[in-house]
Each structure stands twice: as structure tokens, then as C-alpha cells.
């Protein structure tokens with residue numbers, strides 16, 4: 295990796311399965327990376343890998359000064375608390391500092407925070423843990439032209455496809471559009487494969503046939519395989535998929551958009567997480583809902 299960030303001091307909050315490798319990529323690109331995380335083990339690992347540990351959020355803001363501060367957090371409420379809460383970043387954030395939010399935070403929270411932070415880019419990502427590890431994420435950015443240009447070297451370091459969609463919140467809209475497709479495609483793939491099983495046909499061969507046709511998709515390829523193997527160890531957790539579907543519903547209501555298929559899709563994710571209690575499964579685990587509805591008929 296080139297030293298595209300040589301001499302820059304960058305802060306990073308949120309060292310989860312995606313945030314940790316993203317922070318490492320920034321360090322490998324020459325940046326002096328200061329990190330903070332709520333859990334101690336992730337901080338210890340980051341420090342052992344050559345990143346610098348901040349004592350707390352105000353200390354992190356001081357260390358970054360007028361540089362760039364990145365957030366990769368799971369929930370909008372957590373993003374808001376980290377930035378504006380008691381002892382949060384805003385208490386010491388330099389007026390010229392740029393904040394890049396990589397999370398799926400939603401439009402209302404993004405707009406509120408951008409009013410408090412002069413330089414803000416919403417840059418939600420798609421690509422999962424593999425994309426974070428390989429620095430091949432797809433990034434959808436919202437913000438001013440000047441702030442996007444300033445953020446671009448960081449975005450190019452952790453992502454492969456970077457698109458400036460528009461102003462503040464536009465990145466969130468693009469990511470929610472992405473998640474609408476993902477959520478409904480996972481549901482469609484689960485239904486298709488389970489239907490094949492119930493019809494007494496080899497679902498693996500059905501999937502193989504579909505991969506050569508117009509129904510081909512990464513979700514059919516990757517998640518379809520996991521469904522057939524009943525391997526639902528969490529990559530992207532179902533509970534976070536539900537969080538995104540709720541944000542999609544919020545955006546739909548705000549824009550006056552109504553979709554019965556979105557309503558039905560949300561009901562399925564709500565059932566998986568809350569009624570079935572399977573929110574910690576990978577989101578391909580939506581297949582489990584259809585598994586429980588009937589037994590396959592005997593081969594004839």
C-alpha cells in the first residue's frame with residue numbers, strides 16, 4: 295500500500311470486525327493513527343499492531359486537532375452519544391477537524407450531527423468484513439465538495455469504489471437503497487431455495503442453475519451457499535440488518551414512499567430477531583424462518 299496518508303494524524307473510533315482492519319489500513323498508508331474503543335481487548339490488539347491509544351474521547355480529539363477523525367459504529371444512538379454526549383468528541387473537537395462517519399447512521403441523525411460539526415462526511419460502506427480486510431469496500435459519500443476532496447485519500451485507502459453521491463445525508467440514502475436491495479434479496483433467495491427443497495428437488499443444483507441466469511447475484515452466490523450448508527455463524531448480524539431495515543422504513547415514511555414489499559420484508563426481519571430470538575445469526579439465517587414452516591416432501 296502506498297504512503298498516501300504519510301504525515302497525517304487520524305483518529306478512529308470503533309474497532310469492531312470492520313473498524314479494526316480499516317484503522318490498520320490507514321496506518322499502513324503512512325498515517326499516525328490514534329484509536330479509541332469501548333472495549334479494552336480491541337484497544338490492546340490495536341496498540342500491539344502499532345496504532346496509538348487515546349485515553350478517552352476528548353484526548354482523541356486533542357490528538358487529532360485539525361486533522362481527520364473517523365467513526366465506525368453500529369447504532370445511530372451510539373454515534374450521537376460519542377460525538378455530542380457528556381465527555382464526547384464535540385467537547386474538544388477542533389473547528390477545522392473533519393469527521394468521516396462510516397456507519398449506517400440514517401439521515402436524521404446525520405443531519406443533526408452535521409449541524410453541530412462544521413466538517414462532516416457521511417460515508418457508509420458496503421462489502422462486509424471481507425471488504426474491510428481487503429480494503430475493497432464500496433463507499434457512498436455525502437458532504438460538501440471541499441470536505442469530500444479532503445476525505446478522499448482516506449476513503450481510497452479503505453475502499454475500492456468511492457462515489458460522492460451528493461450533500462450531507464446523500465451517502466446515507468444510497469446506503470439505505472443498497473440495504474433495501476440486500477434485505478429483500480436475502481429474503482427472496484431464502485424463499486427460492488426453501489421452495490426447491492420442499493418440492494423435493496436438489497436445492498444445490500437449483501442454485502447452481504440460477505447462478506448462470508438472470509437471477510445471479512452475490513447474495514445467491516455467497517448467502518445461498520451458507521443457507522444450504524446451514525452455516526449461520528455471524529458475519530453481518532441479523533439484528534443489524536433489522537436496524538437498517540428500520541432506517542429504510544423511517545426514510546420511506548419521511549418521503550411519503552409506501553411499499554407493501556418493504557412492509558412484508560421488515561415483518562420477516564422483526565420475526566427473526568424478536569420472535570425467533572435469532573438476531574445474533576448471520577443475516578443469511580433468515581432462511582431459518584422458512585425452514586420451520588414445513589418439512590420437505592419425500593423424493594418420488
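In our numbering, the protein residues as written are 295 to 594.
Quick reminder that beta carbons are idealized off the backbone N, C-alpha and C, glycines included.
Just so you know, these numbers come straight off a predicted model, no measurement behind them.
- Contact check for residue 357 against residue 348 passes: the beta carbons are separated by less than 7 Å.
- Assigned with DSSP and collapsed to three states, residue 435 falls in strand.
- At a Cβ-Cβ threshold of 7 Å, residue 324 and residue 363 do not count as neighbours.
- Contact annotation: residue 320 and residue 432 have beta-carbon atoms that are not nearer than 7 Å.
- Nearest to residue 336 by C-alpha distance, out of 309, 360, 346, is 309.
- If you draw a straight line from the Cα of residue 415 to the Cα of residue 460, it comes to about 10 Å.
- One alpha carbon belongs to residue 379, the other to residue 566, and they sit about 32 Å apart.
- The way I'd put it, the stretch 522–539 doesn't touch the stretch 380–396; fewer than three beta-carbon pairs between them come closer than 8 Å.
- Shown here, residue 524 sits in coil according to DSSP, grouped into three states, outside any helix or strand.
- The shortest CA-to-CA distance from residue 568 to any of 533, 499, 304, 559 is the one to 533.
- By the Cβ test, the stretch 544–553 is not in contact with the stretch 444–458, since fewer than three Cβ pairs between them sit closer than 8 Å.
- Residue 418 places its beta carbon less than 7 Å from that of residue 469.
- About 5 Å separates the Cβ atoms of residue 373 and residue 399, confirming a contact at the 8 Å cut-off.
- Within the stretch 303–345, the beta strand (DSSP E) runs of at least 3 residues that lie entirely inside it are, in chain order, 303–307, 326–330.
- Listed in chain order, the non-local C-beta contacts of residue 472 below 6 Å within the same chain comprise 420, local neighbours out to five positions each way being set aside.
- Take residue 297, set aside five residues on each side of it, and the residues of its chain with a beta-carbon closer than 7 Å to its own are 323, 324, in chain order.
- Rounded to whole angstroms, the gap between the alpha carbons of residue 326 and residue 317 is 10 Å.
- In this structure, the CA atom of residue 577 is about 19 Å from the CA atom of residue 313.
- In the DSSP assignment, residue 414 is bridged to 393.
- Closest in alpha carbon position to residue 517, among 571, 463, 346, 476, is 476.
- Nearest to residue 368 by C-alpha distance, out of 524, 396, 497, is 396.
- Assignment of residue 453 by DSSP, reduced to helix, strand and coil, places it in the strand class.
- Take the alpha-carbon of residue 540 and the one of residue 560: they are about 7 Å apart.
- The beta carbon of residue 403 sits closer than 7 Å to the beta carbons of 370, 373, 374 from its chain, once the five residues preceding and following it are set aside; these are given in chain order.
- Cβ atoms of residue 307 and residue 365 come within 8 Å of each other, at about 5 Å.
- Cβ neighbours of residue 480 within its own chain (closer than 8 Å, five residues either side excluded): 513, 517, 535, 577, 578, 580.
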